[in-house]
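Protein chains: 2
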Amino acid sequence: MDFQIPYQGYTGKYPTKMQAFYHAIKDSIISGVLPCGTKLPSSRELAALSGVSRGTVNQVYDMLAAEGYVECRVGRGTFVFYDAQQRPGEPKREDRDDYALSPWGGRVMEQEAQLYSAGSVAYNGKAPRTADFHAYATDLQRFPHEEWNRCLHAQARLLYRQEGQADGRGGLPPTEGDQELREQIAQYLRRARGIAARPEQIIVVNGSMQAITLTAQLLVGEGDKVIVESPGFKGIPRAVRTAGGVPVSVPVDGQGIVPADWDSRLLFVTPGRQFPTGVVLSLERRRQLLEWAYDKGAVIVEDDYDSEFRHRGMPLEPLKALDGRERVIHIGSFTKTLLPSVRIGYAVLPPALAAPFAKAKALFEPLPAGLLEQKTLAAFMASGQYERHLRRMKRIYSRKYESLSRRLADSLSERFSWVKSDAGLHIFGWWRGSTQAYERFRSQCADAGVRWSEIRGEDSEGVRIGVYFHFPHLTEEEMEYGVAVMKRLADS
Amino acid sequence: MDFQIPYQGYTGKYPTKMQAFYHAIKDSIISGVLPCGTKLPSSRELAALSGVSRGTVNQVYDMLAAEGYVECRVGRGTFVFYDAQQRPGEPKREDRDDYALSPWGGRVMEQEAQLYSAGSVAYNGKAPRTADFHAYATDLQRFPHEEWNRCLHAQARLLYRQEGQADGRGGLPPTEGDQELREQIAQYLRRARGIAARPEQIIVVNGSMQAITLTAQLLVGEGDKVIVESPGFKGIPRAVRTAGGVPVSVPVDGQGIVPADWDSRLLFVTPGRQFPTGVVLSLERRRQLLEWAYDKGAVIVEDDYDSEFRHRGMPLEPLKALDGRERVIHIGSFTKTLLPSVRIGYAVLPPALAAPFAKAKALFEPLPAGLLEQKTLAAFMASGQYERHLRRMKRIYSRKYESLSRRLADSLSERFSWVKSDAGLHIFGWWRGSTQAYERFRSQCADAGVRWSEIRGEDSEGVRIGVYFHFPHLTEEEMEYGVAVMKRLADS
């Protein structure tokens with residue numbers, strides 16, 4: 001049978017045959033090598049052709065069918081069901097089996113599968129030791145579990161026993177979030193960040209992505225250009241595209257985003273610490289961004305994802321604190337300062353946007369999710385324990401940051417160009433070599449139990465591979481092991 | 001100054017002057033009595049004209065400004081900023097101060113403010129006793145708090161201390177929800193509802209509204225007609241309209257929705273117990289709906305919001321259990337069986353729609369919200385305590401149901417035409433008299449501390465006022481008091 005898939009080229013990249021096989025076929029479909037309508041071999045034929053088991057082929061076909069890349073026609077076989085020729089922005093309405101997806105649904109399906117996936121470096125689980133710089137985690141050993149649990153248990157008693165009856169007539173928490181938590185956040189922002197916001201402007205969200213997506217849905221119409229950083233958090237262009245907008249990537253330099261007179265009314269930016277490069281936007285540039293927004297009547301979304309952890313230097317004022325004309329939406333999150341499973345973030349909105357944002361959120365959650373944890377956090381903040389915990393973690397993370405920075409600079413500066421930063425929970429570098437050399441290096445490190453996060457981005461010098469190393473959850477020994485492995489493989 | 005608002009007519013309806021004032025102005029704006037661009041009196045002038053305090057007027061102006069009905073032009077005064085003439089479906093892009101809302105955002109703003117609001121009957125807090133049939137609550141006295149808290153504490157210990165580190169490499173929970181919970185739900189649905197679904201088809205959501213809205217976003221395009229029940233849950237047309245669709249209201253009769261050859265590819269329906277009338281859809285009609293879906297290639301969303309509580313008769317199989325061709329999305333929720341603040345629901349999807357649904361959810365929540373409560377519920381179900389609790393609550397709620405039904409039938413059958421039901425947590429009736437008589441009755445009852453929920457809907461006899469009485473959280477004494485008050489006021 002005349003059927004070729006470039007399976008061999010994938011085996012090195014993925015830990016299991018099944019994954020390699022899946023990606024080989026999927027990429028062939030997406031790239032148009034296997035055009036829409038192509039009949040695929042039966043699982044028996046393909047197993048014989050490729051040397052993998054028939055069970056594996058069936059599993060891969062099932063995955064592709066579930067994702068809508070292929071469809072099984074009863075009694076006739078399996079066919080490619082994805083049109084690579086189709087222009088983006090014109091999603092088909094009939095591409096999910098025969099469920100007619102809306103244009104919005106079609107755009108959802110065009111995005112990559114997962115935001116926080118197991119990552120591009122698949123860890124094969126065989127190395128005796130590991131150093132996982134990719135994991136999305138905090139230092140749980142140092143978390144004040146007892147104090148947190150005390151708040152949790154007290155709040156559980158109050159909430160579960162009294163809810164809907166505390167005032168005898170069903171007082172329900174609004175979609176905007178627990179009132180006490182909104183007040184605590186307002187106080188914290190005033191004290192720690194210089195942001196003067198009333199609790200009514202603060203809406204609690206289930207992690208910052210909810211704030212990003214709701215903002216995009218509210219402000220981005222079909223074809224609207226939206227300015228995003230490159231490299232940047234990939235959730236942002238995803239939210240913009242799904243809303244029907246067109247993300248316009250703007251490169252960052254050593255001082256962060258370069259302000260310009262963009263033809264747009266919406267900008268997503270990470271001034272506190274550019275994601276992922278870690279550079280801090282200068283006050284001068286902050287002022288320029290605000291001038292641009294005032295001039296254009298634009299909105300700036302300030303994604304302040306981890307500026308709590310500053311290792312040295314003075315913090316600059318957030319855009320929101322500098323904004324005298326209510327053009328900034330400030331997004332913050334507790335997922336990096338507390339426990340990753342506690343999905344609490346917040347948006348600080350211009351007063352006139354608070355109601356639209358709340359109505360949009362209420363469409364998905366008329367009553368807030370995870371209210372118990374919101375109340376627990378409010379109590380934890382009110383007792384002063386949150387800021388005590390932050391101060392302690394700042395010291396701990398600063399030590400880890402200094403240690404890992406030094407190790408990476410000492411051992412791997414030939415391979416990576418490290419970007420200096422004053423803050424944050426990861427260290428960023430640009431790969432200095434070729435893509436092929438990088439792929440080989442990455443794969444060898446993964447085999448030795450060492451992995452990290454990566455991004456393909458532009459900076460002022462063009463498209464490059466960037467890597468970043470999360471360290472909060474790692475011990476000194478793990479960081480030492482990880483860097484030693486990388487150095488050994490880089491030198492080999 | 002020549003400025004009239006019909007404030008007097010509102011004072012009886014609202015508990016505070018401010019609220020009456022707010023609604024009086026807002027309704028005048030919405031109805032076009034105060035057209036877009038009208039200059040409103042200064043707060044000083046309006047206070048003098050109306051006899052309310054200037055502070056109250058300012059507060060009302062602030063609320064209207066925050067919601068975008070009026071805008072304050074610096075140095076010039078307050079102006080109406082809402083165009084009542086504007087055709088629905090053509091939302092303005094410039095109507096929120098000068099923040100340009102997207103068409104989606106514009107549609108969000110066209111919806112009513114809150115889904116679970118304090119309700120149309122405002123309770124004035126002055127009555128010595130109350131009977132609140134409107135409150136959204138369960139019988140917390142009978143909830144097994146100890147058992148639930150034991151699960152909660154055990155799960156908190158496990159989750160918070162091990163997360164991201166249980167397997168050494170940051171295994172993150174998927175947006176689809178806790179795996180153990182999805183398995184428990186699958187088992188429960190098989191056992192209790194006859195629905196054969198694999199855990200992969202089950203996606204945990206933050207209450208059923210999230211499932212409704214994500215489904216509408218995924219399947220409804222601009223101008224698409226979507227069949228909805230009338231009367232019905234008002235969240236559904238809201239989600240449809242926001243997605244750009246056109247809800248087509250279909251009246252229900254004494255057996256529920258009347259099947260027809262609708263020109264549509266999406267139907268939202270409550271077969272288990274029509275909301276809010278409570279009638280159960282016959283097997284014959286269930287089959288007709290499925291035939292329609294097969295014929296049209298349509299999707300049916302089965303909103304199964306409280307069929308767990310069946311007081312007599314045999315349960316009919318859910319549409320999802322009868323569906324041989326994967327055209328049904330089944331939505332269920334734990335908010336009525338557990339604690340209202342625990343916002344956990346689920347959608348059972350056709351396999352090919354599971355991935356689009358998960359990707360859409362991930363756009364808002366790449367990691368699930370309220371994971372601790374998901375894990376607590378999974379443990380609670382796995383230990384058998386959930387079904388034990390359900391059995392116990394069925395007995396308790398059946399007794400309350402029988403008692404309230406009898407009281408209402410005995411005392412208020414002249415005013416309401418009660419709809420018989422075999423299941424559920426509320427009792428529904430149609431008002432027999434005029435709208436004015438109803439408004440007077442409702443307002444007098446509210447003054448005596450008795451309120452309920454209401455809906456304006458169609459049934460086969462035309463547009464009517466429907467009322468429904470939630471009882472789970474009420475004691476025998478409260479129900480007795482409530483019905484006695486209503487009877488006294490109805491007879492006066």
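From first to last, the protein sequence lines are chains A and B.
Heads up: the first sequence begins at 1 in full-length UniProt numbering, then just goes up one per residue.
Heads up: the second sequence begins at 1 in full-length UniProt numbering, then just goes up one per residue.
Backbone N, C-alpha and C fix where the C-beta goes; we use that ideal spot for every residue, glycine too.
Quick caveat: nothing in here was measured; it's all calculated off a predicted structure.
Residue of A:45, A:464, A:412 minimising C-alpha distance to residue 436 of chain A: A:464
Below-8 Å beta-carbon distance, residue 366 of chain B vs any chain A residue: yes
Boundaries of the beta strand (DSSP E) in which residue 227 of chain A is found, first to last residue: 225-230
Against chain B: residues of the segment 126-156 of chain A by CB proximity under 8 Å: 130, 132, 134, 135, 136, 137, 138, 140, 143, 145, 148, 149, 152, 153, 156
Minimum Cβ-Cβ distance from residue 206 of chain A to chain B less than 8 Å: yes
Within-8 Å CB hit, residue 500 of chain B to chain A: With chain B running from 1 to 492 in the structure shown, residue 500 of chain B is simply not present.
Ranges of the alpha helix (DSSP H) found wholly within the segment 175-263 of chain B, counting only runs of at least 4: 179-188, 208-219, 235-242
Residue burial classification, residue 420 of chain B (beta-carbon count within 10 angstroms, cutoff 16): exposed
Touch test, the segment 316-324 of chain B against the segment 389-400 of chain B, Cβ-Cβ under 8 Å, three pairs minimum: no
Contact list for the segment 282-309 of chain B against chain A, Cβ threshold 7 Å: 297, 299
Contacting residues, own chain, Cβ-Cβ under 7 Å from residue 202 of chain A (five flanking each side not counted): 182, 185, 186, 346, 348
Cutoff 7 Å; reference residue 296 of chain A; Cβ partners in own chain excluding five residues on either side: 265
Simplified DSSP assignment, three categories, for residue 93 of chain B: Confidence in residue 93 of chain B is poor, its pLDDT being 39 and thus under 50, which makes the residue's placement unreliable; the coordinate value appears in the next sentence. Residue state, collapsed to three classes: coil.
Separation of residue 107 of chain B from residue 239 of chain B, as counted between CA atoms: 10 Å
Outcome for residue 250 of chain B when other beta-carbon atoms lying within 10 angstroms are tallied against a minimum of 16: buried
Run of the alpha helix (DSSP H) containing residue 45 of chain B, from where it starts to where it stops: 43-50
Residue 266 of chain A, enclosing beta strand (DSSP E) - first and last residue: 266-269
Nearest-angstrom beta carbon gap, residue 227 of chain A and residue 262 of chain A [assumed within contact, 8 Å]: 5 Å
Residue 54 of chain A versus A:64, A:63, A:65, A:42, residue with shortest Cα-Cα distance: A:42
Run of the beta strand (DSSP E) containing residue 292 of chain A, from where it starts to where it stops: Careful: residue 292 of chain A lies outside any beta strand (DSSP E), inside the alpha helix (DSSP H) at 283-296.
Proximal residues of chain A, C-beta to C-beta of residue 105 of chain B below 8 Å: 217, 218, 219, 356, 360
Backbone CA spacing between residue 24 of chain A and residue 242 of chain A [nearest angstrom]: 26 Å
Where residue 78 of chain B falls: helix, strand or coil (DSSP): strand
Cβ pair count under 8 Å reaching 3, the segment 214-231 of chain A against the segment 265-274 of chain A: yes
The segment 354-369 of chain B / the segment 188-203 of chain A touching (three or more Cβ pairs under 8 Å): no
Simplified DSSP state of residue 39 of chain A, which is helix, strand or coil: strand
Residue 364 of chain B - DSSP class collapsed to helix/strand/coil: helix
Those residues which DSSP pairs with residue 346 of chain A across a bridge: A:204, A:332
Outcome for residue 291 of chain B when other beta-carbon atoms lying within 10 angstroms are tallied against a minimum of 16: exposed
Close-in-space but distant-in-sequence residues of the same chain around residue 343 of chain B (CB under 6 Å, 5 per side omitted): 206, 207
Alpha-carbon spacing of residue 293 of chain A relative to residue 396 of chain B, whole angstroms: 60 Å
Close beta carbons around residue 52 of chain B, own chain, < 7 Å, minus the five adjacent residues each side: 17, 21
Under the three-state DSSP convention, the category residue 275 of chain B falls into: coil
DSSP bridge partner residues for residue 429 of chain B (one or two, in chain order): B:418, B:467
Distance between residue 133 of chain B and residue 49 of chain B (C-alpha atoms, nearest Å): 38 Å
Neighbourhood of residue 56 of chain A by C-beta, 8 Å cutoff - its chain only, sequence neighbours within 5 removed: 17, 18, 21, 47
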